Amino acid sequence: MSTDNLPTGRWRDVAHATGLLGDDGQLHATIFTEMSALAARTGALNLGQGFPDVDGPESVKRAATAAITAGANQYPPGPGIPELRTAVAAHQRRHYGLDLDPDREVLITTGATEALAATILALTGPGDEVLTLEPFYDSYAAVIALAGARHTTVALRPTPDGFRLDPEEVHAAVTDRTRIILINTPHNPTGAVLTAEELTHVVAAAERHDALILTDEVYEHLVYDDARHIPVATLPGAAQRTLSVSSAGKTFSFTGWKIGWLTGPAALVDAVRTVKQFLTFTTGAPFQPAIAHALALETLTDPDSGWIATLRDSLATRRDLLSAGLSAAGFEVTPARGTYFVIADAAPLGVQDAAQFSRELPERAGVVGVPVRAFTRTPGLLASAVRFTYVKQEAVLREAVARLERIRP
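In this text, residue positions in the sequence shown follow my numbering: the first is 2, and each later residue adds one.
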């Protein structure tokens, strides 16, 4: 699409920040749209987009149906229904020992995406810097551009133990202009789960420069092996400067419901609410009581049993299946300790440009992945790496592994 006749505006900043505006002045589709279209056209298995191909618990679906029947079909309260805010607060207390006032320190949002966007729009502006990990989820760059702030990054680097954060690089990246440090753990796209030591350096840097910390924790319960998710807000000195974001989409496999939440100090939550109420105002009337039901079930039961544990164990098995298949096909796979994703470097296959390789892979092997460069802004960083998702049925992954054998050297 030509942009010649379009007015200037913030859309152009977003397009530049996300790579959608080409050097030719054409507005291009996202890489996710392009890869999904390739999958549809070629009949390839789509391991590019990270959404489950099965629904979450039946009892939660029944709760949503019951809410619709009972008349929960009009605008709910802007901050979220009290039942859900109370359930979120109870979840944070049980799992992490965080005591929150559900009336002042919990805000229900249209997914985690809105919570993150409303926070950055509320608390940053021109002249401010927002520091993210790199690679980063693509919406971060977009909303930072919308706010008129400057996007800075610190790299996660592959190691035999997964992607890791260098403390010295963290301290070097945070400056007096850094208004928000945005941390995503467990991390999309690398599957990294940041350690207490890594997060302690983030908190120290934030304290030194009086920055706020915004944490994207949507994969908080999807961690594997000996990894442990540590909310930044639980670390010494962090709670008063930290806003934490999560959602029901990943934990309960209802990504289309878009029920998210933000928690933190009342004054910061008030600031975010001020902006959020003029974005969507409110969200998902019948889905809010259903997610309150889901959180109550998990809060009242042993966290090592029930839906979350079953999903976590299943995903770990599927991660192992896909990782082994990618390794057998010739990729160098960096271990993933959480999320839906694994990063596979195609350099051993002679690949230098993962974007071109990803466009060819559907025809060559009948499988779709996403080049990691879609999540980076530093030239050359992870240029030959591809992200694959394993949040698909095991039969789909077995077929994908069989197809990937076609590119084995």
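No residue lacks a Cβ here, since even glycine has one placed at the ideal position from N, Cα and C. Note that the structure is a prediction, hence the values are computed from the model and not measured.
For D271, does the count of other Cβ atoms within 10 angstroms reach 16, so buried, or fall short, so exposed?
Indexing the sequence shown from 1 puts residue 271 at position 270. Exposed is the call here.
Whole-angstrom Cβ separation of T311 and Y341, contact assumed at under 8 Å?
In the sequence shown, residue 311 corresponds to position 310, counting from 1. In the sequence shown, residue 341 corresponds to position 340, counting from 1. At roughly 16 Å, the Cβ-Cβ gap does not stay under 8 Å, so T311 and Y341 are not in contact.
By how many angstroms is the C-alpha of S245 removed from the C-alpha of Q75?
For the purposes of this step, residue 75 is taken as residue 74 along the sequence shown, with counting starting at 1. For the purposes of this step, residue 245 is taken as residue 244 along the sequence shown, with counting starting at 1. Cα to Cα, Q75 sits roughly 28 Å from S245.
What do you reckon, are the CB atoms on A116 and E130 nearer than 8 Å?
Locating residue 116 in the sequence shown gives position 115, where the first residue counts as 1. Locating residue 130 in the sequence shown gives position 129, where the first residue counts as 1. In this structure, E130 does not lie closer than 8 Å to A116 by Cβ.
Along the chain, which unbroken stretches of the beta strand (DSSP E) at least 3 residues long are found entirely within the region 326-404?
You should have 333-335, 342-346, 386-390.
I need the straight-line Cα distance from V334 to R13, nearest angstrom please.
Within the sequence shown, residue 334 is the residue found at index 333, counting from 1. Within the sequence shown, residue 13 is the residue found at index 12, counting from 1. Answer to the nearest angstrom: the Cα atoms are 36 Å apart.
Can you tell me where the beta strand (DSSP E) holding L147 begins and where it ends?
The residue labelled residue 147 in the question sits at position 146 within the sequence shown. From DSSP, L147 is part of no beta strand (DSSP E) but of the alpha helix (DSSP H) over 139-148.
Measuring alpha carbon to alpha carbon, tell me which residue in A317, G339, G351 is nearest A330.
One-based indexing of the sequence shown puts residue 330 at position 329. Here the closest residue by C-alpha is G351.
Tell me the residue span of the alpha helix (DSSP H) that contains R407.
As a working note, residue 407 is residue 406 in the sequence shown. Careful: R407 lies outside any alpha helix (DSSP H) and carries neither H nor E.
Would a C-beta distance cut-off of 8 Å place V107 and L122 closer than the cut-off?
Here residue 107 is taken as the residue at index 106 of the sequence shown, counted from 1. Here residue 122 is taken as the residue at index 121 of the sequence shown, counted from 1. No.
If we count the other Cβ atoms within 10 Å of its Cβ and call it buried at 16 or more, is D102 buried or exposed?
Counting from 1 along the sequence shown, the entry for residue 102 is found at position 101. It counts as exposed.
Quick one: is S328 buried, meaning 16 or more other Cβ sit within 10 Å of its Cβ, or exposed?
For the purposes of this step, residue 328 is taken as the residue at position 327 of the sequence shown. Exposed: under 16 other Cβ atoms inside 10 Å.
Please name the residue in V219, L166, V373, A396 whose C-alpha comes closest to that of T196.
As a first step, residue 196 must be located in the sequence shown, where it is residue number 195. Closest option to T196, Cα to Cα, is L166.
In angstroms, rounded to a whole number, what distance separates the CA positions of L85 and Q278?
Along the sequence shown, one-based indexing puts residue 85 at 84. Along the sequence shown, one-based indexing puts residue 278 at 277. For L85 and Q278, the distance between alpha carbons rounds to 17 Å.
Where does L215 sit, in a helix, a strand or coil, going by DSSP?
What you label residue 215 is simply residue 214 of the sequence shown in a count that begins at 1. If DSSP states are grouped into helix, strand and coil, L215 belongs with the strands.
Restricting to runs no shorter than 4 residues, where is the alpha helix (DSSP H) found entirely within the region 232-266?
Taking only runs of at least 4 residues, the alpha helix (DSSP H) segments lying wholly in the region 232-266 are 249-253.
If L296 sits next to A88, beta carbons under 8 Å apart, how far is it from one beta carbon to the other, in whole angstroms?
The residue given as residue 296 occupies position 295 in the sequence shown. The residue given as residue 88 occupies position 87 in the sequence shown. Contact holds; Cβ gap of about 4 Å.
Sort E361, Q50, A384 by Cα distance to Q353 and report the nearest one.
Within the sequence shown, numbered from 1, the residue matching residue 353 stands at position 352. It is A384.
With respect to the alpha helix (DSSP H) encompassing F33, which residues constitute its N-terminal and C-terminal limits?
Position 32 of the sequence shown, counting from 1, holds the residue named residue 33. It spans 32-43 - the alpha helix (DSSP H) in which F33 sits, taken as one unbroken run.
Could you tell me the alpha carbon to alpha carbon distance between L28 and H96, rounded to whole angstroms?
The count along the sequence shown starts at 1 and reaches residue 28 at position 27. The count along the sequence shown starts at 1 and reaches residue 96 at position 95. So the two alpha carbons sit approximately 44 Å from each other.
Could you give the distance in angstroms between the alpha-carbon of V61 and the alpha-carbon of Y138?
Here residue 61 refers to the residue found at position 60 when the sequence shown is read from its first residue. Here residue 138 refers to the residue found at position 137 when the sequence shown is read from its first residue. One C-alpha to the other measures close to 28 Å.
P159 bridges to which residues according to DSSP?
For the purposes of this step, residue 159 is taken as residue 158 along the sequence shown, with counting starting at 1. According to DSSP, P159 bridges with F164.
Tell me the DSSP secondary structure of D305 in three-state form.
In the sequence shown, counting from the first residue as 1, residue 305 sits at position 304. Confidence at D305 is low in this model, with a pLDDT of 49, below 50, so its placement is unreliable and no value can be given for it.
So what's R94 in DSSP terms, helix, strand or just coil?
Mapped onto the sequence shown, residue 94 falls at position 93. Reduced to three states, the DSSP call for R94 is helix.
Roughly how many whole angstroms lie between the Cα atoms of V371 and A65?
Stepping through the sequence shown from its first residue, residue 371 is reached at position 370. Stepping through the sequence shown from its first residue, residue 65 is reached at position 64. Looking at the two C-alpha atoms, the distance is approximately 33 Å.
If you follow the alpha helix (DSSP H) that R63 is in, where does it begin and where does it stop?
The residue labelled residue 63 in the question sits at position 62 within the sequence shown. Looking at the DSSP string, the run of the alpha helix (DSSP H) that includes R63 is 59-70.
Cα separation between V171 and V203?
Numbered from its first residue, the sequence shown carries residue 171 at position 170. Numbered from its first residue, the sequence shown carries residue 203 at position 202. Their backbone Cα atoms lie some 7 Å apart in a straight line.
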